[in-house]
Structures are given as structure tokens and as C-alpha cells.
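K.L.:
The structure is given below, and queries will be raised subsequently.
2 protein chains.
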Amino acid sequence: MTELQDGVGAASERIAAYLRDAILFGDLLPGQWIRQEEVAARLGTSRLPVREALRMLEAEGLTEHEANKGSRVPLLDQHEVDVVYQMRERLEPLALTESLPHLTADQIEHMEHVQARIEADVQLTEFLVLDREFHLTSYTACPSEQLVTTISRLWNSTQHYRRAFMLLSGPDRRWVVNSEHRLLLDAIRRKDPVDGERYLSGHIRRTRIELAQHPEVFAAPPS
Amino acid sequence: MTELQDGVGAASERIAAYLRDAILFGDLLPGQWIRQEEVAARLGTSRLPVREALRMLEAEGLTEHEANKGSRVPLLDQHEVDVVYQMRERLEPLALTESLPHLTADQIEHMEHVQARIEADVQLTEFLVLDREFHLTSYTACPSEQLVTTISRLWNSTQHYRRAFMLLSGPDRRWVVNSEHRLLLDAIRRKDPVDGERYLSGHIRRTRIELAQHPEVFAAPPS
DNA sequence: ATCCCACGGACTGGATCCAATCACAAGGAA
DNA sequence: TTCCTTGTGATTGGATCCAGTCCGTGGGAT
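Residue numbers (the working numbering), protein chains in the order written: chain G, 1 to 223; chain Y, 1 to 223.
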């Protein structure tokens, strides 16, 4: 999606950023093999930094590696995605509670701004980016590195299915998301971890259950 | 600890296994830099597979990488370890509930056998291995790959602090662990997820709170 | 004596070449 | 026709060499 800015940072980092975008924006679909040489040629480097980049992405839950066969975007079945959402239901409230006392007024203002854009702009791709931004911002003040990176991994690995779901559910239920976000934001403003955890886990749980009613999202793609 | 079995599997996998053991058994301490060349010379390979191995370990939460400076075992502060334990309190009961219906009689028998050895053998290193084996076995039938690997990462990253804690708390409270394990095992035998989650989260929570009373475990090691 | 800059060693990062492995397709035998 | 086997092309895995970066050290100037 975004073009590669050459010269900035280490090559492996740039390649990782390029592939990360390609996966999160849906240019690379689950199950699709990622050929090292192809990526290297596309970005004008050797295969070596590509290999390093693929390992980094693996650590972020964006790819999986098979010996002598290569890397690909993981293909999850419906139950696995359901469990990931259950993991989020349990971990994200913890992250919120840990983050809440350290959240600055600026960061809360940023969430307000992001939510306003979510309500104004209904483009799918933009929504996915902003929704992610909204939630992850609320965890930025969390003092535990592990917790935040684990949650990021969970978001990463289910991004494709979130997009497919939003695509066929349409904007009809978008108002529910907005209401939940508003209530969550209010609890954060009041620095109330109890209400925060309640609205957050409810938000994730409702999404999980609605997603469970759309098994067609998990139809095997053509090989 | 265990010697490298040369010729078996890919080099990077063997190196990863070697380093993994070194970290989990405490030969490599948190904060300690891992020199690629040193490892390569020690194992008779070039630096390249060592780099790959370090990326793999990073994905497992065993090392962290800094650009142009190298990899090292992450150094966690007391609060971060506390949060990791809280994550375990929330995730492991979920894994148990997911695994429970699919656990075979053989696997439960294996847990019984491991627990018997825990009660018999009080060696520290052996205890750490067996305790890990006991819990992870109860999750092996969990159908979600992500959940199990995430939990493994959490165990990995806190292994050193678990050892340090057991070392200075001594075997006095070992009977508590055994009672908790026995109750958990009984709930698993009865295929009762409610009791299983209760005993499991209690087990982890008690450990977390006892660990919180030993801040000396987190004293900065000499540079 | 103290601060600054330049040099050097040590280490990681990247490129190229070669080896090993796997998948697939074509051909032969039952 | 169907199954097994074998060979070939494509792709990943590994080794060696070279470039880039960081950090500490030592000399010189103020």
C-alpha cells in the first residue's frame, strides 16, 4: 500500500515494514506463499534481509515458517479465530487497567479524535486502521511490554478475518461499535477501570459472537 | 546442558535448541549478550544459522534483538514479571477448558506420572522441568495453536525468575504446590472445567503473590 | 585537569555463490 | 488405466567475504 521509503533504516526493517503493510492491508492473503526471491527482486535487495524480515514477522504473528518450504500468511479456521477473540477478551481488559493510571490527557484526546474520524469516515480500509489505532492507543501507557506485544500479535493474526467480516456485514451495525467506543472512552476519561474492563470485554465479546454467525468468512480460498 | 546432536535436522533448528536449553537451564542469564561468532564457533557452523536461530528464539520470547548491538536474554523488572503472571492467570484457564474435552486417558496418566516424580524428586532443576511438563501437558489437546504458543512464551520469559524464586524460598512450601497439582489433576480426571479453572488460576495467583514478596529476586545482576 | 575529536577494534548487517531439499511431471511397468 | 519411480526445475538453507555501525580509548588542545 504505502511505497517503500528507501534508505531509511536497516534493510531488513524496511522489508518487514513493507510486508507487514501488504499483509495487514490484504494484498497478501492467508495461505499464500511468500517467495523470498520475488520480494528481494521487488525491493532491490538480496534474499538475506528478506529471510530476516520473515523471521521478524513470524515473531509478530503475521507469518509462519515451514522448513524447506517457505513462509506464508497463516490460515486460521473458525474455531481458532474464536479462541483468539477469547484471548483478547481476557488480556485487553488487563492491559487497559494497567494503562489507565498512566494515560495522559493528550493520549485520551487522541482517542477522541480517532473516534470522531471513525464516525465520519465509513471507508472499510480506513475504518480498520482507525479502529486498531483507537484500541492500541488505550494500551500505550501500559508498563508491560509483553502484554502490549502479545495483544498486537492477536490483532495481527486476525486482521484478515476482521476485514472479511466487516466487508459482508456492511455498515448497518457500525453504530453499535460507535456506542461501545463512546462508553469505553468515557470510562477511560473518568479513569474507571471497572467500567472500562466491562465495556471493553463486552465490545470484544459481541464482535466474537457476531463473527461466529458468519462461517462464510472462513471458506477456504482457491489454491 | 544437553549436548548438541550433530547431523539431526537443520542447523538453525539445532542451534536454536542449544540456546533454548542454555537459557532455560540458566547458563545464559538475563541481560547477557549473545555473541553470534562465539556461538557459531562453539557449534562449528557459520554465523548465518546462528542469526536465524536468534530470530526464532525472539519469536519464542527467549531473546530480544537490538539493531547493530546484538541479542540478549531480556531483563525484566518486578512489575513486568507480575503482569506476566496475571496474563497466565487469565490465559491458562482458557487453555485448560479448551484442552480438557480432548485430553486422552494416556495424557492424563502422563500428568499423574510427572506429578509423582515431582513429589519424589526435590532437585531444583528437575523440579522446574517437571513442573513445566505437568502444566503444558494439560494444554496439549487445546485446539488453538496460538493460545498454546503464547502460554509457552510467557513461561519462557519468566523461567529465570521462577528458578531464582524457588532457590531462595526453599522446599518448605513445596507441599502447597503438590496439593494444588493434585486438586487440579483430580478436576481434570473428572473433566470438570469449572473446578479446573478455579484451582489453576488459584495456583498461579498464589505463586505470583509469594513471588511479589521476594523483590531480591529482581536485583540487578553485575554487569 | 578536563573536554573534544579522531582512530581502531569488535561486532552486526548484507551480498554473492554453492549445496541440499522438495514438489511436480513424465515415463515405464503391472 | 493406475501406480510407482526417477529426473529436473524451483526454492530454501548455509558458507564465505565484505561493508557499515557502534563503542571505547588515547592523544591533543584549551
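Even for Gly, the Cβ is constructed at its ideal location relative to N, Cα and C.
Would you verify that the beta carbon of G:E145 is, or is not, closer than 8 Å to some beta carbon of chain Y?
P.N.:
Reading the first sequence from its first residue, position 145 is the one you call residue 145 of chain G. Yes, because at least one Cβ of chain Y sits closer than 8 Å to the Cβ of G:E145.
K.L.:
Suppose contacts are defined by Cβ-Cβ distances below 8 Å. Is G:L91 in contact with Y:R90 by that definition?
P.N.:
Walking along the first sequence from the start, residue 91 of chain G turns up at place 91. Walking along the second sequence from the start, residue 90 of chain Y turns up at place 90. In this structure, Y:R90 lies closer than 8 Å to G:L91 by Cβ.
K.L.:
Which chain G residues sit within Cβ distance under 8 Å of Y:L91?
P.N.:
Your numbering for residue 91 of chain Y matches position 91 in the second sequence. What Y:L91 touches in chain G: M87, R90, L91.
K.L.:
For a contact meaning CB atoms closer than 7 Å, what does Y:A67 contact in chain G?
P.N.:
Taking the second sequence and counting its residues from 1, the one referred to as residue 67 of chain Y is at position 67. Those within 7 Å of Y:A67 in chain G are A10.
K.L.:
Looking at C-alpha atoms only, which residue of G:G202, G:A212, G:V39, G:F134 is the closest neighbour of G:Y161?
P.N.:
The residue labelled residue 161 of chain G in the question sits at position 161 within the first sequence. It is G:A212.
K.L.:
If you follow the alpha helix (DSSP H) that Y:S201 is part of, which residue opens it and which one closes it?
P.N.:
Position 201 of the second sequence holds residue 201 of chain Y. Run containing Y:S201: 193 to 212, per the alpha helix (DSSP H) assignment.
K.L.:
Just how far apart, CA to CA, sit G:L124 and G:I118?
P.N.:
Counting from one through the first sequence, the residue named residue 124 of chain G turns up at place 124. Counting from one through the first sequence, the residue named residue 118 of chain G turns up at place 118. Going from the Cα of G:L124 to the Cα of G:I118 covers about 10 Å.
K.L.:
Under three-state DSSP, which class holds G:S71?
P.N.:
Reading the first sequence from its first residue, position 71 is the one you call residue 71 of chain G. In the structure shown, G:S71 sits in a strand (DSSP, three-state: E or B).
K.L.:
What residue does the beta strand (DSSP E) around Y:H102 start on, and which one ends it?
P.N.:
Mapped onto the second sequence, residue 102 of chain Y falls at position 102. Note, Y:H102: premise wrong, no beta strand (DSSP E); not H, not E.
K.L.:
Roughly how far, in whole angstroms, is the beta-carbon of Y:P93 from the beta-carbon of Y:S179, given that I think they are within contact range, below 8 Å?
P.N.:
Your numbering for residue 93 of chain Y matches position 93 in the second sequence. Your numbering for residue 179 of chain Y matches position 179 in the second sequence. So it is not a contact: roughly 18 Å between Cβ atoms.
K.L.:
Answer yes or no: does any C-beta atom of chain G fall closer than 8 Å to that of Y:R55?
P.N.:
Counted from its first residue, the second sequence places residue 55 of chain Y at position 55. Closer than 8 Å: yes.
K.L.:
If you drop the 5 nearest sequence neighbours on each side, which residues of the same chain put their C-beta closer than 7 Å to that of Y:A16?
P.N.:
Counted from its first residue, the second sequence places residue 16 of chain Y at position 16. Answer for Y:A16: A53, M56, L57, listed in chain order.
K.L.:
Can you tell me which of Y:D121, Y:I34, Y:I108, Y:A187 puts its alpha carbon nearest to the alpha carbon of Y:L136?
P.N.:
As a first step, residue 136 of chain Y is located in the second sequence; it is residue number 136 there, counting from the start. That would be Y:I108, whose Cα lies nearest to the Cα of Y:L136.
K.L.:
Determine the chain G residues that contact Y:E80 at a beta-carbon separation under 8 Å, and present them in chain order.
P.N.:
For the purposes of this step, residue 80 of chain Y is identified with residue 80 of the second sequence, where counting begins at 1. Chain G residues near Y:E80: P143, S144, E145, Q146.
K.L.:
Is Y:E66 helix, strand or coil by DSSP?
P.N.:
Within the second sequence, numbered from 1, the residue matching residue 66 of chain Y stands at position 66. DSSP places Y:E66 in strand when its eight states are reduced to three.
K.L.:
Taking the Cβ atom as the reference point for each residue, do G:L128 and G:R163 lie within a distance shorter than 8 Å?
P.N.:
Indexing the first sequence from 1 puts residue 128 of chain G at position 128. Indexing the first sequence from 1 puts residue 163 of chain G at position 163. Yes, the Cβ-Cβ distance between G:L128 and G:R163 is below 8 Å.
K.L.:
Could you say which of G:W33, G:E37, G:V50 lies nearest to G:S12 if we only look at CA atoms?
P.N.:
To locate residue 12 of chain G, count along the first sequence from 1; it is residue 12. Cα-wise, what sits closest to G:S12 is G:V50.
K.L.:
Note down the Cα distance separating G:M215 from G:V81, rounded to an integer number of angstroms.
P.N.:
In the first sequence, the residue the question calls residue 215 of chain G occupies position 215. In the first sequence, the residue the question calls residue 81 of chain G occupies position 81. The question names Met, but residue 215 of chain G is Pro in the sequence shown. Spanning the two alpha carbons is a distance of roughly 11 Å.
K.L.:
For a quick check, are the C-beta atoms of G:F218 and G:D131 less than 8 Å apart?
P.N.:
The residue labelled residue 218 of chain G in the question sits at position 218 within the first sequence. The residue labelled residue 131 of chain G in the question sits at position 131 within the first sequence. No, these two residues do not count as a Cβ contact at 8 Å.
K.L.:
I'd like the span of the alpha helix (DSSP H) that includes Y:S138, first residue to last.
P.N.:
Your numbering for residue 138 of chain Y matches position 138 in the second sequence. From DSSP, the alpha helix (DSSP H) with Y:S138 extends over 124 to 139.
K.L.:
What's the C-alpha gap between G:H79 and Y:E38?
P.N.:
Numbered from its first residue, the first sequence carries residue 79 of chain G at position 79. Numbered from its first residue, the second sequence carries residue 38 of chain Y at position 38. Answer to the nearest angstrom: the Cα atoms are 44 Å apart.
K.L.:
Taking the DSSP output, what are the residues bridged to G:L34?
P.N.:
Residue mapping note: residue 34 of chain G aligns to position 34 of the first sequence, counting from 1. Sequence check: residue 34 of chain G is Ile here, not Leu. BP columns for G:I34 point to G:S71.
K.L.:
Out of Y:G61, Y:T45, Y:A40, point me to the one whose CA is closest to Y:P30's CA.
P.N.:
For the purposes of this step, residue 30 of chain Y is identified with residue 30 of the second sequence, where counting begins at 1. For Y:P30, the nearest C-alpha among the options comes from Y:G61.
K.L.:
Does the ligand HEM have a heavy atom nearer than 7 Å to the CB of Y:R55?
P.N.:
As for the ligand HEM, it is missing from this structure, which has no ligand bound.
K.L.:
By DSSP, does G:P143 sit in helix, in strand, or in coil?
P.N.:
Walking along the first sequence from the start, residue 143 of chain G turns up at place 143. Correct three-state label for G:P143: coil.
K.L.:
Any beta carbon from chain G within less than 8 Å of Y:L4's own beta carbon?
P.N.:
The sequence position of residue 4 of chain Y within the second sequence is 4, counting from 1. Unreliable placement is indicated for Y:L4, whose pLDDT of 36 sits below 50; the coordinate value is still reported in the next sentence. No, Y:L4 does not count as interfacial toward chain G.
K.L.:
Less than 8 Å between the C-beta atoms of G:G196 and G:L100, yes or no?
P.N.:
Within the first sequence, residue 196 of chain G is the residue found at index 196, counting from 1. Within the first sequence, residue 100 of chain G is the residue found at index 100, counting from 1. Yes.
K.L.:
At a CB-CB cut-off below 9 Å, which residues of chain Y make contact with G:E52?
P.N.:
Along the first sequence, read from residue 1 onward, the residue named residue 52 of chain G stands at position 52. Per Cβ cutoff of 9 Å: R51, E52, R55.
K.L.:
Would Y:E133 count as contacting chain G if we go by Cβ distances under 8 Å?
P.N.:
Counting from 1 along the second sequence, the entry for residue 133 of chain Y is found at position 133. No, because no Cβ of chain G sits closer than 8 Å to the Cβ of Y:E133.
K.L.:
For a cutoff of 8 Å on Cβ pairs, would you count G:V84 as touching chain Y?
P.N.:
Locating residue 84 of chain G in the first sequence gives position 84, counting from the first residue. It does; some Cβ of chain Y falls within 8 Å.
K.L.:
Express the C-alpha separation of G:Y139 and G:N156 in angstroms, rounding to a whole number.
P.N.:
Walking along the first sequence from the start, residue 156 of chain G turns up at place 156. Walking along the first sequence from the start, residue 139 of chain G turns up at place 139. Answer to the nearest angstrom: the Cα atoms are 16 Å apart.
K.L.:
Determine the extent of the alpha helix (DSSP H) in which G:V217 is found, giving its start and end residues.
P.N.:
The residue labelled residue 217 of chain G in the question sits at position 217 within the first sequence. Segment: none, G:V217 is in no alpha helix (DSSP H) and carries neither H nor E.
K.L.:
Could you say which of G:D106, G:H102, G:M87 lies nearest to Y:T224 if we only look at CA atoms?
P.N.:
Here chain Y has residues from 1 to 223 only, and residue 224 of chain Y is not among them.
K.L.:
Please report how far the alpha carbon of G:L185 lies from the alpha carbon of Y:S46, in whole angstroms.
P.N.:
Residue mapping note: residue 185 of chain G aligns to position 185 of the first sequence, counting from 1. Residue mapping note: residue 46 of chain Y aligns to position 46 of the second sequence, counting from 1. Each residue's alpha carbon lies about 53 Å from the other.
K.L.:
Give a yes or no on whether 8 Å exceeds the smallest Cβ distance from Y:S152 to chain G.
P.N.:
As a working mapping, residue 152 of chain Y is identified with position 152 in the second sequence. Not an interface residue.
K.L.:
Smallest Cα separation from G:T149: which of G:A59, G:Y18, G:K191?
P.N.:
Counting from 1 along the first sequence, the entry for residue 149 of chain G is found at position 149. Considering only alpha carbons, the answer is G:A59.
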